[in-house]
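Asker: Heads up: the sequence shown at position 75 corresponds to 638 in our numbering, and the numbers run straight through without jumps.
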Amino acid sequence: MVYHSKILEQASAAMQRGELDLAIQSILDYQNSSNYSSSLNGSDALLMGKAIFKKGRFLGDEDLIDQAGKWLEQFRSEYLENSNGAKTEFLLAEVAFKIEKKQFEAAEAILEMAYLESLEASNALDQIRVYCAKSQLEVSRNAFDKALDYAQRAKKTLYEKELDKNEFLLGEIYYQLIQIHVKRQEYGKILEDSKSLLEIAKRRKDVERELSALNNIAIYYAHKSDYKTAMRFFLDALEKSREISHRPIASQCLINIGTIYAHLDNQREAERRYLSALEEYEDVLPVNTRIIIHNNLGNAALTMEKFSEAQDSFTKAYLLAEKVNYKEMQAQAAAQLSRSHIAAKDWSKGKDFAGKAKEFLQGFGDLNGKQINLINLGAIHHYEGNFDQAIILTSQGIAASKRLRDDSSEIRGYRLLALIYRELEDYQQAYHYQTIYAQAQERYLREKRNRQVIDLEIKYAIRDKQKEIEQLTKENEFQSLLLEQSHHITNQNAQLLQVNEELRQFAYVASHDLKEPLRMIGSYVQLIQRRHKEDFGPESKEFFAFVQEGVSRMNSLLDALLRYATIGKSDDDFEPVDLTDVVDLAIINLRVSIEETGAEIEAVNLPTVRSIKSLLIQLFQNLIGNAIKFRKEDTIPVIKIIGEESPEEFVLSIQDNGIGIDPEFQEKIFVIFQRLHTRAKYQGAGIGLSICQKIIQRVGGRIWVASAAGQGATFFVAFPKVKENLD
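1) Could you name the residues of the same chain whose beta carbon sits closer than 7 Å to that of ASN942, not counting the 5 residues immediately before and after it, in chain order?
2) Roughly how many angstroms separate the alpha carbons of TYR996 and LEU732, rounded to a whole number?
3) Where does ASP1290 sit, in a helix, a strand or coil, going by DSSP?
4) Assign LEU1090 to buried or exposed, taking buried as 16 or more other Cβ atoms, counted over all protein chains shown, within 10 Å of its Cβ.
5) So, does the segment 1165 to 1181 touch the segment 1200 to 1215, judging by three or more C-beta pairs under 8 Å?
6) Count the other C-beta atoms from every protein chain shown that fall within 10 angstroms of the C-beta of TYR990, then say buried if there are 16 or more, exposed otherwise.
7) Per the DSSP calculation, ALA1276 is bridged to which residue(s)?
8) Cutting at 8 Å between CB atoms, please list the residues of its own chain near ILE1157, excluding the five before and the five after it.
9) Give me the DSSP bridge partner(s) of SER1174.
10) When you compare only the Cα positions, how much space is there between LEU627 and LYS618?
11) DSSP state of PHE1213, grouped into three classes?
12) The alpha helix (DSSP H) spanning ILE820 covers which residue range?
13) Apart from the five residues just before and just after ALA1276, which ones in its own chain have a Cβ nearer than 7 Å to its Cβ?
14) For GLY623, which residues from the same chain have a beta carbon less than 7 Å from its beta carbon, with the 5 sequence-adjacent residues on both sides left out?
15) Identify, in the order they occur along the chain, each residue of the same chain with its Cβ nearer than 8 Å to the Cβ of ALA840, setting aside the five sequence neighbours on each side.
16) Rounded to whole angstroms, what's the CA-CA distance from GLY1085 to GLN1111? Just pull it up for me.
17) Relative to the C-alpha of ASP741, which candidate in ARG692, GLN699 and ASP689 has its C-alpha closest?
18) With a 10 Å radius around its C-beta and 16 neighbouring C-beta atoms as the bar for buried, classify ASP756 as buried or exposed.
19) Tell me where the beta strand (DSSP E) around LYS1203 begins and ends.
20) In the structure shown, what three-state DSSP assignment does ARG1291 receive?
21) For the beta strand (DSSP E) that contains GLU1302, what are its first and last residues?
22) Just checking, does the segment 603 to 612 make contact with the segment 779 to 799 on the three C-beta pairs under 8 Å criterion?
23) Taking C-alpha atoms, which residue in ARG968, TYR1087 and ALA717 lies nearest to GLN588?
24) Determine, using beta-carbon pairs with one atom in the segment 926 to 938 and one in the segment 883 to 903, whether at least three such pairs fall under 8 Å.
25) Per DSSP, PRO1283 is paired with what?
26) Return the CA-CA distance between ALA864 and ILE999, expressed in angstroms with no decimal places.
27) Going by beta carbon distance, what residues of the same chain come within less than 6 Å of ARG639, once the five residues before and after it are set aside?
28) By alpha-carbon positions, which one of LYS908, PHE916 and ARG902 ends up nearest to LEU882?
29) Would you identify the three-state DSSP class for ASP1219, choosing helix, strand or coil?
30) By a C-beta neighbour count over all protein chains shown, 10 Å radius and 16 as the cutoff for buried, is GLY581 buried or exposed?
31) Can you tell me where the alpha helix (DSSP H) holding ALA897 begins and where it ends?
32) Smallest Cα separation from GLN899: which of LYS890, ASN862 and ALA1162?
33) Apply the 10 Å Cβ neighbour rule to ASN705 and answer buried if 16 or more other Cβ atoms are within range, or exposed otherwise.
34) Is the CB-CB distance between PHE1233 and LEU1215 below 8 Å?
35) Tell me which same chain residues have a C-beta within less than 7 Å of the C-beta of PHE1137, skipping the five on either side of it?
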């Protein structure tokens, strides 16, 4: 039972960190283990359903979400009746599933059941969670007043029951409140709650809630026109969302970053981010969001005077909006299509779309797009010579632009009025509007220059960070050279050591994380074989054997990479090490292969050096093991280890009578995963000598080889003398 609990706790913690494959694999491993007992209470099935559901949401994968539903259904049918404490947990998981599938009435019915359950059990914690789930349901229904009421009830109960130290509950309440503030555009309340959620999420290592907080803090600063700060938070959220493959949040970040660039008049960068969002995440973007992206792409193209591209994007927005009956965006897209055709001097199409936009805009009041279309109509009447009507419509467009805070359209209107009055030869009015136009244009250009400065600051900050990464990478590549030539440059050495540690950590994490999907493949293969072995023919069995062999070989490679990545990871100190003891321990570790081959090993005149004992055991074990492995056929391996001394260092030679190494390959043998022979002839990952070289570098020595093909090999290992060693 303790084992069962520990496994599920580990899986749950992995879920919280966003490591969903690890969570799923942990549950699968447990279900395939000898300790598994399906009679416990089905909590593994419930947790599996929640993990797969979360992964489905992150990836935007409906098939995974449906698969999660099946796991939840299994729990309902097999375990719910006797689940005791897990009942509310299950009901809330089922509610989340129903909300995702937009089955709101079903979700509401389940929540009522969960609420009654929490009241009956006098469980305040569950009651608060039910209030939060009810709030989420109302957010999904766009009923924000109801959502706020439930969130406030949750908060009130939290403090009444003195549960305000429970960071999980507090975080869930903040999460609900922030969603409501954003939807209601209550920007003053967003920042404080988002900062509180961010602190809690970081302490709890809850990556999804951390992402939500980062994204909403960025939205707050963007609304306040603090684009530098907003960009920093959006980029942080984008990086983290990509790390855990949370595609919906990653897509939102890209869109928001694009919108910031558009506000900063960097239309090329805005266009690039919008296109990236469509190319990478179109399958998870709601149709309304795609409409807005196409509209934004049209705006960017129109600003850059790429009229054909603008028309293509606005047309896509218009047709998509028409398909889903999104009248507001149909109106806006039609107005923008009219504007782009007018800009391209295609007055016929401009007039056609202006008429459509006018029809859509009726009844909407001051909807964004109205100001654009009024000025479009003014421009069309001016073109057709209807100056009085052109003046009326353009003036209405300017007034609407002021109400909607659209500086660009307001300036466009003043320019058009100045042109109309000039053609009417009313030079006083023409001068009046030309002056207003010039002043407004100057203000707009001044603000534009300020925005461009911010854009440059953002660009240079990002570029500096990229340069720093590139520079550190280059420094790492030339680490050996720098260490030899830069004894007096302490700061540079410290930087290099830091970079080296970061790369080692990267190799460790990469190789460790690669094992998770591999273990999942292996587990599923074993599961299929166990359940369907009677159905397999000879060919199927052969294919499964190939899969198992491939998994095993890949596991070996990853194990080798892990060993390579963790050389020097221990904090063991340098100490006097008797190499005679080291060789004796290496021989004990290799006793099986020594007995099988009858290998003869002689070690003489071995010194005591100042080094790290655990690493030296691994070094000699690898070198002796290689000498045994690469022996000649029908020949007993003979290995001699001899120590010699010079004024500066101790040099050991490890000589064997094996197959030898051709001189042209002697540089390659220390390269990781380098093999000189086929796997069928000599087993191994091709990493043993790479590990030897890394150990020697770690302890400050040297390693090299002298050999010829068919004549055995002699490896030399040199340890520098330190005066403390010799006392």
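We treat Cβ as the ideally placed atom computed from N, Cα and C, and that holds for glycine.
Answerer: On the basis of the coordinates in this document:
1) A quick correction: the sequence has Ala, not Asn, at residue 942. So the qualifying residues of the chain are ILE905 and LEU979.
2) 59 Å
3) With a pLDDT of 40 at ASP1290, under the threshold of 50, the modelled position of this residue cannot be trusted, and the question is left open.
4) exposed
5) Yes, since at least three Cβ pairs between the segment 1165 to 1181 and the segment 1200 to 1215 fall closer than 8 Å, the two stretches touch.
6) exposed
7) SER1270
8) ILE1150, ILE1164 and ILE1191
9) GLU1138
10) 7 Å
11) strand
12) 810 to 826
13) ASP1219, GLY1221, GLY1223, ILE1224, VAL1268 and SER1270
14) Only ARG810, PRO811, ASP846 and VAL847 meet the Cβ criterion.
15) Excluding residues within five positions, the ones whose Cβ falls inside 8 Å are SER814, LEU817, ILE818, GLY821, LEU848 and ILE856.
16) Looking at the backbone, the Cα of GLY1085 and that of GLN1111 are separated by about 7 Å.
17) For the record, residue 741 in the displayed sequence is Ile; it is not Asp. The shortest CA-to-CA distance from ILE741 to any of ARG692, GLN699 and ASP689 is the one to GLN699.
18) buried
19) 1201 to 1208
20) Since the first and last residues shown for the chain are 564 and 1290, residue 1291 lies out of range.
21) Outside the shown range of the chain (564 to 1290) lies residue 1302, about which nothing can therefore be said.
22) no
23) TYR1087
24) yes
25) GLU1212
26) Cα to Cα, the separation comes out at about 27 Å.
27) Short of 6 Å from the beta carbon of ARG639, and not among the five residues preceding or following it, lies no beta carbon of its own chain.
28) PHE916
29) strand
30) buried
31) 890 to 906
32) ASN862
33) The residue is exposed, with fewer than 16 neighbouring Cβ atoms inside 10 Å.
34) no
35) ARG1173, SER1174 and ILE1175
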